[in-house]
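A.B. asks: Chain order of the listed sequences is A, B, C and D. Quick note: the first sequence uses my numbering, first residue 1, plus one each step. Quick note: the second sequence uses my numbering, first residue 1001, plus one each step. Quick note: the third sequence uses my numbering, first residue 2001, plus one each step. Quick note: the fourth sequence uses my numbering, first residue 3001, plus one each step.
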Amino acid sequence: MINLTNAFPRYESDEIVWRAVSSKESETPMTDESFNILIGGEAGQGLATIGHILSKILVRAGYSIVSSQTYESRIRGGHNTFAVRFSPGAVHAPTEAIDILVALNEETVSLHEESLSLQGVVVVNQSEREGNSPHIAVPMKDLADGRHINSVALGVVGAIVGLEEDLARGVLKDYLDGAAEEVVKSNVKSLREGYRWLSEQSRTLPRVPGPSDRERRLTLNGNEAIALGALAAGLKFYSFYPMSPSTSIAVALIHHAQAMNLVVEQAEDEIAALNMAIGAAFAGAPSMVATSGGGFALMNEAVSLAAAAEIPVVIVVAQRAGPATGLPTRTAQGDLEFVLHSGHGEFPRALLTPGTVEECFHLTRKAFEMAQAYHGPVFLLTDQFLADSYHDVPRFGLDDVPTVRTCAESEGEPGESGEAFLSYKVTENGVSPRLLPGLTSRCSAGYSSEQLVVGDSHEHSEDGQITEDLSVRKVMVEKRLRKTEVLKERIVPPQRGGDDNAEVLLVCWGSTKGAVAEAASVLSGNGRSAAWMHFPQVWPMNPAKIRKQLEAAKNVVCVEENATGQFARLLRRETGFHIEDRVLRYDGLPVTPECIVRELAENGKG
Amino acid sequence: MINLTNAFPRYESDEIVWRAVSSKESETPMTDESFNILIGGEAGQGLATIGHILSKILVRAGYSIVSSQTYESRIRGGHNTFAVRFSPGAVHAPTEAIDILVALNEETVSLHEESLSLQGVVVVNQSEREGNSPHIAVPMKDLADGRHINSVALGVVGAIVGLEEDLARGVLKDYLDGAAEEVVKSNVKSLREGYRWLSEQSRTLPRVPGPSDRERRLTLNGNEAIALGALAAGLKFYSFYPMSPSTSIAVALIHHAQAMNLVVEQAEDEIAALNMAIGAAFAGAPSMVATSGGGFALMNEAVSLAAAAEIPVVIVVAQRAGPATGLPTRTAQGDLEFVLHSGHGEFPRALLTPGTVEECFHLTRKAFEMAQAYHGPVFLLTDQFLADSYHDVPRFGLDDVPTVRTCAESEGEPGESGEAFLSYKVTENGVSPRLLPGLTSRCSAGYSSEQLVVGDSHEHSEDGQITEDLSVRKVMVEKRLRKTEVLKERIVPPQRGGDDNAEVLLVCWGSTKGAVAEAASVLSGNGRSAAWMHFPQVWPMNPAKIRKQLEAAKNVVCVEENATGQFARLLRRETGFHIEDRVLRYDGLPVTPECIVRELAENGKG
Amino acid sequence: MTSIEDYGSFKTAWCPGCGNFAILKTVKKALVALDLRPHQVLFVAGIGQAAKAPHYLKANLFNGLHGRALPVATGARLANPELKIIVQSGDGCTYGEGGNHLLAAIRRNVDVTLLVHNNHVYALTKGQASPTSTRDDGFVKKAQPEGAFSGHFNPVEAAIALGAGFVARGFTGEVDHLSELIQKAVAYSGFALVDILQPCVSFNEVDIFQWYKERCYLISSEHDVTDRAAALELAGQWGERIPLGIFRRIERPSFEDRFHCLNNGPLALQTVEKLKLEGIMKLYE
Amino acid sequence: MTSIEDYGSFKTAWCPGCGNFAILKTVKKALVALDLRPHQVLFVAGIGQAAKAPHYLKANLFNGLHGRALPVATGARLANPELKIIVQSGDGCTYGEGGNHLLAAIRRNVDVTLLVHNNHVYALTKGQASPTSTRDDGFVKKAQPEGAFSGHFNPVEAAIALGAGFVARGFTGEVDHLSELIQKAVAYSGFALVDILQPCVSFNEVDIFQWYKERCYLISSEHDVTDRAAALELAGQWGERIPLGIFRRIERPSFEDRFHCLNNGPLALQTVEKLKLEGIMKLYE
Ligand SMILES: Cc1ncc(C[n+]2csc(CCOP(=O)(O)OP(=O)(O)O)c2C)c(N)n1
Ligand SMILES: Cc1ncc(C[n+]2csc(CCOP(=O)(O)OP(=O)(O)O)c2C)c(N)n1
Ligand code: SF4
Ligand code: SF4
Ligand SMILES: [Mg+2]
Ligand SMILES: [Mg+2]
């Protein structure tokens, strides 16, 4: 279908230093083949379960995958979908055309049959209305003995795609680990029935590209990757208040809490969640919280506290469609400016915006490093699409990146025994030496065990005492702001790819990376020359370097999942470069390569 | 001293439509004479009391005044000041040189004597160390019978300035209205003793310019002006949680609540304060809240609610020095970007930034009009300096500006009796007709009394029902954003003054207006040509018009009370014009004409 | 006369078998029994499965933020004392995120009826422990794999101790009784809490309908609702026996009475008196 | 051995005659009596006059936001169970802005001692009513010219009803008694509340030292601190007679025990086990 060979090349230029944060494509060469399965039905029919299992089977079989989920803010009923696109080569984005539509209910057929590809087919329960499209009517209820219809569907799909039944059964069993034996048995039987039934049919099936042969990979969604990245960074304390689409980070961490000696606590509200994390971080535990827009709104005051008291803390904001309650389960990039300016008063901060599941892992690690280096809040901005999207991810090497020092050490000179420790010592780069209360000598050689540590929210003197001395105020404002440089030294630079001297440069940030890169590739395939530029970090930035890149491009288009073009505004503010052309999507769904290409064509840019 | 004749001229140009929001100078011609009294002492010595009374006496006598207060975050002790600058012509800014330093304690002398003007003199209690400066040592304790030393000081100062004792006594008595008779008596006696004692001294006193003869004026500080503006706009509900420097708005409103049929409620926290105001506004009461940075941080989620549910509400943020607790009683302009981007998700809003006490009144009215016109939150951004600064203000005409309709009326067609009312009807300008729950027919002719009204925080269909229909989502996002135009029609445009084709244009927003205008005037007096441009509203703006103005200027300098130049950044984002030169003050004190001129000279711009 | 049809009927987003259906129906019944017309009532809701309830009947509605229904209701009530205000939300919303507003609402005693759909779980976010989840019955969730660590919040007991004037507990398995409770709560002048035991068939495998059915009993008519100690003792009962009914009901000074202007009816209908305002302006001369 | 000098002495920003001085001194005395070294203790404070207290002694200190001391303390305690954590703040901070965290702290029963300087007023913001301001004694402030409208929050009663394991009341006029209370609270394993009656000479003309002095009495040694009903009844006393002492003290399951890793001491000293992490990674293959 689409040639993605050039989607993630190393960008060779000293302007934008390229560092690989995604390595999917470097291990698996791209091909132009991909295949897309969409499972649709009601909440409660277990479609996310089989979607997840199918994703894992595909990855184990040797495919690259990208899944995407849509669901409503309810527990049963409504209309949900789980789409998995897979390919022997690397895929990075969801796509619109459906090759197999698995319809667990009638509504799914009518809602999605118009998206079927040329070879597309509907797999549907025999009892449902089957639509006008090519379809395979499966007697699912019978095959499942009225129980695990979803596992029957999984079996049928597995058989169509040509996935080995053993492999499928293995994944299913892993997934059901801990469930009652009877449940496992019944599911396995349903799966088998699905496989068996399909094998007995004689009809032409869609052509499915075969898998590639490669190293085992992980099947992770964005939230799981953040959880693992945090664990790899030395996370020791996590507090949260449930909020879609962030909650599954907590669920993953809780799952591993005992093994990893981690404290996870559900707070009474988001205000408490961040204040707890700040308390824990002050006491020495690398700490993180995650939430979404409304919950983050409540954390604003404590963001400012982390900055004033100079406490390292990582804050994940998984965006959903606002304002207010909005569409609680839909995706958006509407909170960039909100998070960038959150918290009253002025202070440095960093905002990381991973573009892929793999980047979720690496940038979470990076976030802890940054927070620890400059003593303040670091933000990770994701969204519902990325949070819930499964990718195949190469195994992570755990040796190359050092974990954050769990135990803080002074970066300055240890104080003389008798001297009082200065928690807010004014230093050249603004970062003060840091001790942990009660652990001074145990953590930091050279300090007396009786040293005292202060964290304070007022304007304070070096010893953390409240001050009304306005000359001290000035010094402290400048001390804090100097720490921006510490963050600037650590910037994760923008990445770019596509044609050199392209006619159109697509600029993006966060989770749209894969779709934008693929759109550029499609344009190139269509005879237009196109390139893309992705920001895995939107703050701080190096305006001069970015400006140069933007100025060199013939046409620049900014792609964002919001209605006002927030990142384009930020780029203009910082670089002076005004991107007038925008592709903006704000209906709660992620951009796809197709929709970007369509929009560009309509605007005469593609 | 400084020629301010040109400080607030009408700016004749169709680029920036000039509308008077301050009229002080149009009634009183400027002179080059001003006189500055600074009263210093501990919290608890009653210096703010006599400062306020002195301000009022001066205004009643016919002077124009600007006072400014500094105080610490404590109830007794520390070092506080109350400065009053006055002139027969209009004054707009505090100044640094002190003509009379009233020292209620020794520390005041040592801290401030170096700021004495050439003719400056210290008025000090005999028992205190008197310093090396010219001073008048008053036996205050004796004269006050050990009680109201501050009133003695007031008497002495009144006598030096040449204010009639009758007038002074009258204001003092008004002030003490309601106090025990004995207290009034003793204060009046102390005042008299002050006057008497000074009249018996024979020494040269500083030359004080005489008052001008004009209509009676009000003596108001920024917070009082906001309270009165809100009352004039039809405020019916005010909820708050105490927080400096916003609390005196509540105090003023409570004072008049009974007379004006107003509900004022102290909330359990700031979250409740704004949610209550939203509830009251939904039920039909024009509503307002006020707070400062940290409290506003907690209101963020409800800001987004007001936007989603489309509820008119006015939110005052009186800025103080952050981050976190910071300097709770000091001034700053550090929350512009924070307020501009507050609340998750995307929606229109307006940000008004009064430059004078008079503008506080008018822009508060304007804020209610705007909120009511577009159904959403409108912000008033002030700061500690302006909140606490007394100005003489011409009487307000209450007829010219219509009060906000207390009772909402439909702007669309009344629905047929049987038809359900659509609270979120999609209209051309995005504003839906509005009914009040339970008051439909009583408020809005043509509606049945049984019509129902919905306010909702989700994405909703026109009837306010929760929707998961993503095409409706898109329509509703656009509907809300279209309301930006309704705000744009109501923009309070920037004002400018000073020399035409000036070498340097000083750009500012909010409370620095007076100081900046005077600085421009000083520069002009020094042979440089200078102009100023003040933004009483920073959002939304008309980028094209502003850009033209900025481009026409030879040198542009942005003056702000923050460390990062937030408004300059915003201007660049919106207009593309990059103001590189900045005068930034961030030590917790307001800019003065002197400090601006000094900074400009250091940067080679003045 | 109001009929149940006046309150309409809607498709819901709830799971089949959920206790919310019984509450929805009972609320409608109670309003009809009180002969309240839909436009006389304002529902205020937070966010959660419970909080969707007022979308499923016809009446005025403000559906705000998770945890913040009570302050909105307070503001609306202080702006228009003619409205009958009913807050409907879940246990997480009311006793979790919104705890501080519950404390304040009880202290204020503003005339609002609070109906809490207490399913002992955060349902809409897929089953985390709420403050009312009980530790001892082994409430085990994905987010609390070893059970809820924190102590159990007993809302009835807490409300009585904090001084609430009307405190009751209902159960979705006793709808007629529940309807009576709601009617009395709405009729009560002041803040009234009705905590409603609501089984959640999707996320609460412990406190299921049958579990409640076996334990719940109606408070005897002997119980003196003005006797605080007795009410507290009764409220302390949980587990083997769960009392239903009105625990406490006393007269308390009305909050609204303290605002003189509310005697003149809705604030929206009161005009700004310019003469008075001019008088006020004079004070600043 | 620790001496009072180890805790240093500082200039304060308080008014002469303020009850805070007695509390400050007593806290130091109690810590000396417990033989705790300054570095073993972490004070956590909110914002207000009271919340400045820990700045005026030498110890570890985290001074955070108004109303948010308890969650910070909880986080710190869960990160380092070796720290003795004392929260000090005002009535407005703790029972007003921070109400929801008080509810949660009581439910959690984390090992933190909460000392509330209860002056019945928002002092630092110049005298508005706080939740503990009493309506009946005509508490009249600029912000409440007709007195506080809302009901009086009785923290001792509320804490007992909500299930707190250690609840006491002290008074700045009984410093030796107060010192004992603080010692017992700090020694108690679990959440301990000591509400301290503190006259504010600047903003509270009603509940002055003498007013308290005439009313306060020490709870008799007969009082059974494990008898909840008795504790509640005693806590209900206010006005003519004000009981001081320990109202309630029971054993409750410790919150920290539920986190296995806390048995290994401070989290900061525990290293990340890469092998285990690799095992976890495998689960996702
Ligand atoms: C500020 C904020 N935090 C979190 C959420 C996510 N959220 C939505 S509903 C809910 C819990 C609902 O629990 P409950 O109130 O008991 O209602 P139920 O769904 O059980 O009926 C949460 C945490 C939110 N919408 N807003
Ligand atoms: C979020 C927030 N809201 C409001 C304030 C302002 N504020 C500072 S201290 C205080 C009240 C303090 O009262 P209390 O806790 O009783 O302490 P006290 O001063 O009486 O000792 C308030 C409202 C603040 N700092 N932060
Ligand atoms: S999740 Fe529970 S509370 Fe929500 S609708 Fe389903 S059964 Fe009812
Ligand atoms: S205002 Fe009151 S509480 Fe604060 S220091 Fe003064 S006397 Fe003490
Ligand atoms: Mg619930
Ligand atoms: Mg207090």
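Glycine included, every Cβ here is placed at the ideal spot set by N, Cα and C.
Give the DSSP bridge partners of C:Gly-2236, in chain order.
C.D. replies: Here the question's residue 2236 of chain C lines up with position 236 in the third sequence. BP columns for C:Gly-2236 are empty, so no partner.
A.B. asks: Might you give, ordered along the chain, the residues of its own chain that have their beta carbon closer than 6 angstroms to the beta carbon of C:Ile-2208, omitting 5 neighbours on each side?
C.D. replies: For this step, residue 2208 of chain C is matched to residue 208 along the third sequence. Closer than 6 angstroms at Cβ, skipping near neighbours: Pro-2199.
A.B. asks: With DSSP as the reference, please indicate the residues paired to A:Ala-179 in a beta bridge.
C.D. replies: As a first step, residue 179 of chain A is located in the first sequence; it is residue number 179 there, counting from the start. A:Ala-179 pairs with nothing; no bridge assigned.
A.B. asks: Bridge partners for C:Arg-2248 per DSSP, in chain order?
C.D. replies: Within the third sequence, numbered from 1, the residue matching residue 2248 of chain C stands at position 248. The partner list for C:Arg-2248 (beta bridge, DSSP) reads C:Val-2167.
A.B. asks: Should the stretch 2075-2090 of chain C be regarded as contacting the stretch 2103-2113 of chain C, the criterion being three or more beta carbon pairs within less than 8 angstroms?
C.D. replies: The stretch 2075-2090 of chain C vs the stretch 2103-2113 of chain C: in contact.
A.B. asks: If I measure Cβ to Cβ from B:Tyr-1586 and keep anything under 8 angstroms in the same chain, skipping five residues before and after, which residues do I get?
C.D. replies: Taking the first residue of the second sequence as 1, we reach residue 1586 of chain B at position 586. For B:Tyr-1586, where only same-chain residues beyond five positions count, the Cβ hits under 8 angstroms are Ala-1321, Ala-1332, Gly-1334, Glu-1561, Asn-1562, Ala-1563.
A.B. asks: On the DSSP bridge list, what partners appear for C:Met-2281?
C.D. replies: On the third sequence, residue 2281 of chain C is found 281 positions in, with the first residue counted as 1. Answer is none; C:Met-2281 lacks a bridge partner.
A.B. asks: Output, in chain order, the set of chain C residues within a Cβ distance shorter than 7 angstroms of A:Arg-74.
C.D. replies: Counted from its first residue, the first sequence places residue 74 of chain A at position 74. Residues of chain C passing the Cβ test: Ala-2013.
A.B. asks: Tell me whether A:Glu-459 counts as near ligand 2, meaning its Cβ is closer than 7 angstroms to at least one heavy atom of that ligand.
C.D. replies: Within the first sequence, the letter at position 459 stands for residue 459 of chain A. Every heavy atom of ligand 2 is 7 angstroms or more from the Cβ of A:Glu-459, so no.
A.B. asks: Return the residues of the stretch 1308-1337 of chain B that lie within a Cβ-Cβ distance of less than 7 angstroms from chain D, sorted by chain order.
C.D. replies: Residues passing the 7 angstroms Cβ filter: Ala-1324, Thr-1325.
A.B. asks: Would you mind reading off the limits of the alpha helix (DSSP H) that contains A:Lys-488?
C.D. replies: By 1-based counting over the first sequence, the position of residue 488 of chain A is 488. From DSSP, the alpha helix (DSSP H) with A:Lys-488 extends over 470-488.
A.B. asks: Taking Cβ to Cβ, would you say D:Leu-3103 is nearer than 8 angstroms to C:Gly-2099?
C.D. replies: Position 103 of the fourth sequence, counting from 1, holds the residue named residue 3103 of chain D. Position 99 of the third sequence, counting from 1, holds the residue named residue 2099 of chain C. Closer than 8 angstroms, so yes.
A.B. asks: Could you check what DSSP says for D:Glu-3273 in three-state terms: helix, strand or coil?
C.D. replies: The residue given as residue 3273 of chain D occupies position 273 in the fourth sequence. Coil, per DSSP.
A.B. asks: Tell me the rounded alpha-carbon separation between A:Thr-592 and A:Glu-599.
C.D. replies: As a first step, residue 592 of chain A must be located in the first sequence, where it is residue number 592. As a first step, residue 599 of chain A must be located in the first sequence, where it is residue number 599. About 11 angstroms.
A.B. asks: Should A:Leu-262 and A:Ala-227 be called a contact, given that it needs their Cβ atoms to be closer than 8 angstroms?
C.D. replies: Counting from 1 along the first sequence, the entry for residue 262 of chain A is found at position 262. Counting from 1 along the first sequence, the entry for residue 227 of chain A is found at position 227. For A:Leu-262 and A:Ala-227, no; Cβs fall outside 8 angstroms.
A.B. asks: Please determine whether the Cβ atom of C:Asp-2091 lies at a distance below 7 angstroms from any heavy atom of ligand 5.
C.D. replies: As a working note, residue 2091 of chain C is residue 91 in the third sequence. Yes - ligand 5 has a heavy atom lying nearer than 7 angstroms to the Cβ of C:Asp-2091.
A.B. asks: For C:Ser-2189, is the beta carbon positioned less than 7 angstroms from some heavy atom of ligand 5?
C.D. replies: The residue labelled residue 2189 of chain C in the question sits at position 189 within the third sequence. No - ligand 5 has no heavy atom lying nearer than 7 angstroms to the Cβ of C:Ser-2189.
A.B. asks: If we cut at 8 angstroms on Cβ distances, does C:Ala-2229 have a partner in chain D?
C.D. replies: For the purposes of this step, residue 2229 of chain C is identified with residue 229 of the third sequence, where counting begins at 1. For C:Ala-2229, the answer is yes, since a Cβ of chain D falls inside 8 angstroms of its Cβ.
A.B. asks: Run the CB neighbour count on D:Leu-3162, radius 10 Å, all protein chains shown included, and call it buried at 16 or more, exposed below.
C.D. replies: The count along the fourth sequence starts at 1 and reaches residue 3162 of chain D at position 162. By the neighbour-count rule (16 or more Cβ atoms within 10 Å), D:Leu-3162 is buried.
A.B. asks: For A:Phe-8, count the other beta carbons within 10 Å of its own beta carbon; 16 or more makes it buried, fewer makes it exposed. Which is it?
C.D. replies: For the purposes of this step, residue 8 of chain A is identified with residue 8 of the first sequence, where counting begins at 1. Reliability fails at A:Phe-8, whose pLDDT of 32 lies under 50, so the model's placement of it is uncertain and the value that follows must be treated cautiously. Classification of A:Phe-8: buried, given that the 10 Å Cβ count is 16 or more.
A.B. asks: Against chain D, with Cβ distances strictly below 8 angstroms, would C:Ala-2059 count as a contact?
C.D. replies: As a working mapping, residue 2059 of chain C is identified with position 59 in the third sequence. Not an interface residue.
A.B. asks: Quick check: C:Leu-2042 and C:Ala-2079, are their CB atoms within less than 8 angstroms of each other?
C.D. replies: If you number the third sequence from 1, residue 2042 of chain C lands on position 42. If you number the third sequence from 1, residue 2079 of chain C lands on position 79. No; because the gap between Cβ atoms is not below 8 angstroms, this pair is not in contact.
A.B. asks: In whole angstroms, what separates the C-alpha of B:Asp-1269 from that of D:Glu-3097?
C.D. replies: As a position in the second sequence, residue 1269 of chain B is number 269, starting the count at 1. As a position in the fourth sequence, residue 3097 of chain D is number 97, starting the count at 1. Their backbone Cα atoms lie some 5 angstroms apart in a straight line.
A.B. asks: Does at least one heavy atom of ligand 2 sit under 7 angstroms from the Cβ of B:Glu-1489?
C.D. replies: Taking the first residue of the second sequence as position 1, residue 1489 of chain B is located at position 489. No; taking the cut-off as 7 angstroms, the Cβ of B:Glu-1489 has no heavy atom of ligand 2 nearer than that.
A.B. asks: Just the Cα atoms here: how many angstroms apart are A:Glu-106 and A:Glu-128?
C.D. replies: Position 106 of the first sequence, counted from the first residue, corresponds to residue 106 of chain A. Position 128 of the first sequence, counted from the first residue, corresponds to residue 128 of chain A. Spanning the two alpha carbons is a distance of roughly 5 angstroms.
A.B. asks: Tell me, please, which residues DSSP counts as bridged to A:Leu-523.
C.D. replies: Position 523 of the first sequence, counting from 1, holds the residue named residue 523 of chain A. In DSSP, A:Leu-523 forms no bridge with anything.
A.B. asks: Is C:Asn-2020 near ligand 5, in the sense that its beta carbon is under 7 angstroms from a heavy atom of that ligand?
C.D. replies: The count along the third sequence starts at 1 and reaches residue 2020 of chain C at position 20. Every heavy atom of ligand 5 is 7 angstroms or more from the Cβ of C:Asn-2020, so no.
A.B. asks: Looking only at C-alpha atoms, which of A:Pro-211, A:Asn-80, A:Gly-279, A:Gly-376 sits nearest to A:Leu-487?
C.D. replies: For the purposes of this step, residue 487 of chain A is taken as the residue at position 487 of the first sequence. Cα-wise, what sits closest to A:Leu-487 is A:Gly-376.
A.B. asks: Which chain A residues are close to C:Pro-2145, counting only those with a beta carbon under 8 angstroms from its beta carbon?
C.D. replies: In the third sequence, residue 2145 of chain C corresponds to position 145, counting from 1. Near C:Pro-2145 (Cβ distances below 8 angstroms), the residues of chain A are Ile-254, His-255.
A.B. asks: Quick one: is C:Leu-2078 near chain B, going by C-beta distance under 8 angstroms?
C.D. replies: Walking along the third sequence from the start, residue 2078 of chain C turns up at place 78. Closer than 8 angstroms: yes.
A.B. asks: Which whole-angstrom value is the C-beta distance of B:Val-1357 and B:Leu-1220, which I expect to be below 8 angstroms?
C.D. replies: As a working note, residue 1357 of chain B is residue 357 in the second sequence. As a working note, residue 1220 of chain B is residue 220 in the second sequence. Between B:Leu-1220 and B:Val-1357 the Cβ distance is about 5 angstroms, and since that is below 8 angstroms, they are a contact.
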